[in-house]
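Colleague: Adding 117 to a residue's 1-based position in the sequence shown gives its number in our numbering. For each residue, glycine too, the CB sits at the ideal point set by N, CA and C.
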Amino acid sequence: MNTISAEESYKPSPLRSFKTKGFPTYWFAMMAQMAGLNMQMVSRAWLIYELSASYTILGAMTVAHALPMLFTSMFGGVLADRFLKKRLMQSGQVLLAITSLFVAVCLSLDLINLSTGAGVSYVMMASVFQGTIMGFTMPSRQAVIPEIVGRENLTNAIALNQSGMNLNRLAAPGVAGLMIALLGITTVYYFMTFLYILATIIISFLPITKSLNPHAKEKSPLRDLINGFKYIFNETVIFYLLLATLFSVVLSMPYMGLMPIFAKDIQVVIASDFAWMNSTLIISSFNLPELLTYSSFRLGCLMSISGIGALIGSLIVTILSDSNRGKLFIYSVLALGITLTIFSFTRSFIVGCVSMMFVGFFQSLRLSLSNALVQSYVSDEFRGRVMSVYMMEFGMTSFSTFLVATMAGVIDTTNVFAPGFGIQLTMGIAAILLIPGALIFCFGKRSLLNLG
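Listed below in structure tokens is the structure:
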């Protein structure tokens with residue numbers, strides 16, 4: 118007679134975190150905020166490139182957003198360890214709404230004007246302010262998750278949170294691109310303002326969570342900051358996880374900021390080449406071939422297709438057990454390098470869409486697993502500060518984006534190659550470097566592979 122133990126027969130529900138009080142409220146608030154942020158990512162990049170037509174200025178805009186994030190995120194981690202994370206998140210969402218409204222009003226008053234190219238400085242100012250806000254609030258957004266669901270549901274909650282973000286990556290960029298093409302950029306910014314206000318209202322219903330580090334206020338903020346760095350350098354697992362994340366982020370994420378160039382100059386679409394789409398009655402009513410001639414719509418399509426892959430990746434993580442997470446993390450970086458290389462060097466919109474789906478899939482696996490591993494191994498006392506360093510690494514993306522864009526601009530000024538070849542070459546090299554880098558972590562630091 119075969120007997121099955123309770124542990125063997127137990128199959129955890131992929132939605133189990135939603136049964137925890139407070140997590141549904143948190144999730145829907147993040148959905149509203151991330152919808153705004155994903156629409157903003159597309160709209161701001163499209164707007165700055167339309168105003169300037171400059172690779173360098175597009176890259177500089179990403180730096181303008183990230184530089185304050187780098188300086189403020191560590192202090193955001195200290196705040197997350199000392200104060201109510203709910204209040205910090207609410208404050209950040211209100212300020213994001215104000216900043217988005219500022220850009221919308223500037224567009225309405227023609228202070229930002231697409232015809233004359235005026236207003237780049239206003240977009241830059243908004244980017245700096247939003248980067249500052251994100252630096253102060255992102256650590257709280259991540260560190261509050263274990264306070265809501267506990268350690269036993271942490272990986273599941275992070276994966277569900279990532280799934281929500283990827284749902285937005287699926288829908289929001291496409292909606293933004295379509296709204297820009299049909300309603301104009303000004304309408305998009307007013308709509309983003311509404312989304313940030315909605316997120317603020319929803320998060321007000323989040324129950325006050327009990328801090329996992331109740332003695333944080335007994336120490337000075339500066340001492341907290343120093344102790345946070347000491348902890349990271351002394352904890353080998355945390356240090357190498359953060360190092361692997363930094364490596365993969367710096368080399369893999371620049372494509373996000375440079376997508377307007379791919380959409381406008383590289384993966385160009387001629388309506389007649391896609392006339393076959395009108396043979397389908399449903400599609401013909403939207404005149405998709407004509408819509409694809411708009412760079413804003415192609416940009417939204419590429420970002421949304423990436424979101425499809427990302428959503429699938431994050432949903433897979435929700436049903437994974439905690440074993441072999443280290444292996445999957447490193448392998449996802451390796452696969453990301455391969456698929457991103459293919460995307461970088463193709464000039465076909467169709468091939469770009471297919472490869473972008475796989476880029477989104479492996480990027481999502483990498484993001485979900487690295488976040489879950491760091492949160493699983495960090496001490497509660499240092500969680501906010503460690504997560505601030507984790508989020509600070511994403512700010513480094515902008516510097517690599519700026520470097521890639523600047524080098525590409527130099528290459529393309531020769532006028533020897535096809536438009537956008539400089540971006541393809543520099544981003545392709547960065548993607549290729551992910552492959553040997555992942556292999557070094559795979560064989561040189563095998564302890565990462567054994568993390569569960």
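1. How many Å lie between K347 and G501 at the Cα?
2. In the structure shown, what three-state DSSP assignment does L556 receive?
3. For I318, count the other beta carbons within 10 Å of its own beta carbon; 16 or more makes it buried, fewer makes it exposed. Which is it?
4. If distances are taken between C-alpha atoms only, which option among G236, Y306, A181 and V180 comes closest to E167?
5. Taking all protein chains shown into account, do 16 or more other C-beta atoms lie within 10 angstroms of the C-beta of V527, making it buried, or fewer, making it exposed?
6. If you count every other CB in all the chains shown that lies within 10 Å of the CB of F140, and 16 or more means buried, which is it?
7. I need the straight-line Cα distance from S232 to M420, nearest angstrom please.
8. Evaluate the contact criterion for the stretch 461–473 versus the stretch 374–386: three or more CB pairs, one atom per stretch, below 8 Å.
9. So, for L329: in the same chain, excluding its five sequence neighbours on each side, which residues have a beta-carbon less than 7 Å away from its beta-carbon?
10. Given a threshold of 16 other Cβ atoms within 10 Å of its Cβ, counted over all protein chains shown, does N230 qualify as buried or as exposed?
11. When you compare the stretch 512–520 with the stretch 172–186, are there three or more beta-carbon pairs, one atom per stretch, that lie closer than 8 Å?
12. Which residue wins for smallest C-alpha separation from M509, given the options G374, M251, L201 and F350?
13. Can you give the Cα-Cα distance for L187 and K202, rounded to whole angstroms?
14. Taking only three categories from DSSP, how would you classify N230?
15. Can you tell me whether A276 is helix, strand or coil according to DSSP?
16. What's the C-alpha gap between L277 and M191?
17. With a CB to CB cut of under 6 Å and the five nearest residues on each side skipped, what residues in its chain are close to G430?
18. Looking at the structure shown, is L132 part of a helix, part of a strand, or coil, going by DSSP?
19. Can you give me the C-alpha to C-alpha distance between A525 and L550, rounded to a whole angstrom?
20. If the criterion is Cβ atoms closer than 7 Å, does the pair M474 and I557 meet it?
21. Helix, strand or coil: how does DSSP classify A535 here?
22. Quick one: is I325 buried, meaning 16 or more other Cβ sit within 10 Å of its Cβ, or exposed?
23. Applying the criterion that 16 or more other CB atoms from any shown protein chain within 10 Å of the CB defines a buried residue, is Y494 buried or exposed?
24. Mark S225 as exposed unless 16 or more other C-beta atoms lie within 10 angstroms of its C-beta, in which case mark it buried.
25. Does DSSP put A197 in a helix, in a strand, or in coil?
26. What is the DSSP secondary structure of A235, reduced to helix, strand or coil?
27. Is the CB-CB distance between M309 and M158 below 7 Å?
28. Which residue from G426, L457 and A489 puts its Cα closest to that of S440?
29. May I ask you to report which of helix, strand or coil DSSP gives D517?
30. Alpha helix (DSSP H) containing K621: first to last residue?
Modeller: Per the coordinate set shown:
1. On the sequence shown, position 230 is the one that residue 347 refers to. On the sequence shown, position 384 is the one that residue 501 refers to. Computed Cα separation, rounded: 14 Å.
2. Start at 1 with the first residue of the sequence shown, and residue 556 comes out as number 439. DSSP places L556 in the helix class (H, G or I) of the three-state scheme.
3. Here residue 318 refers to the residue found at position 201 when the sequence shown is read from its first residue. I318 counts as exposed, since fewer than 16 other beta carbons sit within 10 angstroms of its beta carbon.
4. Locating residue 167 in the sequence shown gives position 50, counting from the first residue. Checking every option, the nearest Cα to that of E167 belongs to G236.
5. Within the sequence shown, the letter at position 410 stands for residue 527. Flag for V527 reads exposed.
6. Here residue 140 refers to the residue found at position 23 when the sequence shown is read from its first residue. Per the 10 Å Cβ criterion, buried.
7. Taking the sequence shown and counting its residues from 1, the one referred to as residue 232 is at position 115. Taking the sequence shown and counting its residues from 1, the one referred to as residue 420 is at position 303. Between the C-alpha atoms of S232 and M420 there is a straight-line separation of about 26 Å.
8. By the Cβ rule, the stretch 461–473 counts as touching the stretch 374–386, because three or more pairs are nearer than 8 Å.
9. Against the sequence shown, residue 329 aligns to sequence position 212. Note that L329 scores 48 on pLDDT, short of 50, meaning its location in the model is unreliable; the coordinates nonetheless yield the value given after this. Within the same chain, and ignoring the five residues on either side of L329 in sequence, the residues whose Cβ sits closer than 7 Å to its Cβ are P263, E264, D497 and R500.
10. Sequence index remark: in the sequence shown, residue 230 carries index 113 (1-based). When all chains shown are included, N230 counts as exposed.
11. Because the criterion of three Cβ pairs below 8 Å is met, the stretch 512–520 and the stretch 172–186 touch.
12. By 1-based counting over the sequence shown, the position of residue 509 is 392. Nearest neighbour of M509 by Cα position, chosen from G374, M251, L201 and F350, turns out to be M251.
13. Here residue 187 refers to the residue found at position 70 when the sequence shown is read from its first residue. Here residue 202 refers to the residue found at position 85 when the sequence shown is read from its first residue. CA-CA distance, L187 to K202, rounds to 20 Å.
14. For the purposes of this step, residue 230 is taken as the residue at position 113 of the sequence shown. In this structure, N230 counts as strand in the three-state DSSP scheme.
15. Here residue 276 corresponds to residue number 159 of the sequence shown, with the count starting at 1. The answer is helix: DSSP assigns A276 an H, G or I state.
16. Residue 277 sits at position 160 when you count from the first residue of the sequence shown. Residue 191 sits at position 74 when you count from the first residue of the sequence shown. Between the alpha carbons of L277 and M191 lies a gap of roughly 26 Å.
17. In the sequence shown, counting from the first residue as 1, residue 430 sits at position 313. Closer than 6 Å at the Cβ level, and outside the excluded window around G430, lie F478, S481 and L482.
18. Position 15 of the sequence shown, counting from 1, holds the residue named residue 132. DSSP places L132 in coil when its eight states are reduced to three.
19. Here residue 525 refers to the residue found at position 408 when the sequence shown is read from its first residue. Here residue 550 refers to the residue found at position 433 when the sequence shown is read from its first residue. Going by the C-alpha atoms only, they are around 17 Å apart.
20. Residue 474 sits at position 357 when you count from the first residue of the sequence shown. Residue 557 sits at position 440 when you count from the first residue of the sequence shown. Going by C-beta atoms, M474 is not nearer than 7 Å to I557.
21. Stepping through the sequence shown from its first residue, residue 535 is reached at position 418. Reduced to three states, the DSSP call for A535 is coil.
22. The residue labelled residue 325 in the question sits at position 208 within the sequence shown. Residue environment analysis places I325 among the exposed positions, since fewer than 16 neighbouring C-beta atoms fall within 10 angstroms of its C-beta.
23. Your numbering for residue 494 matches position 377 in the sequence shown. Its Cβ having fewer than 16 others within 10 Å, Y494 is exposed.
24. Counting from one through the sequence shown, the residue named residue 225 turns up at place 108. So S225 ends up on the exposed side.
25. As a first step, residue 197 is located in the sequence shown; it is residue number 80 there, counting from the start. Of the three classes helix, strand and coil, the one that applies to A197 here is helix, per DSSP.
26. Counting from one through the sequence shown, the residue named residue 235 turns up at place 118. Strand, per DSSP.
27. If you number the sequence shown from 1, residue 309 lands on position 192. If you number the sequence shown from 1, residue 158 lands on position 41. M309 places its beta carbon 7 Å or farther from that of M158.
28. Translated into positions along the sequence shown, residue 440 becomes position 323. The option with the nearest alpha carbon to S440 is A489.
29. Counting from one through the sequence shown, the residue named residue 517 turns up at place 400. With the sequence shown as reference, residue 517 is identified as Ser, and Asp is not the correct amino acid for it. Here S517 sits in helix by DSSP.
30. Nothing about residue 621 can be read from this structure; the chain reaches only from 118 to 569.
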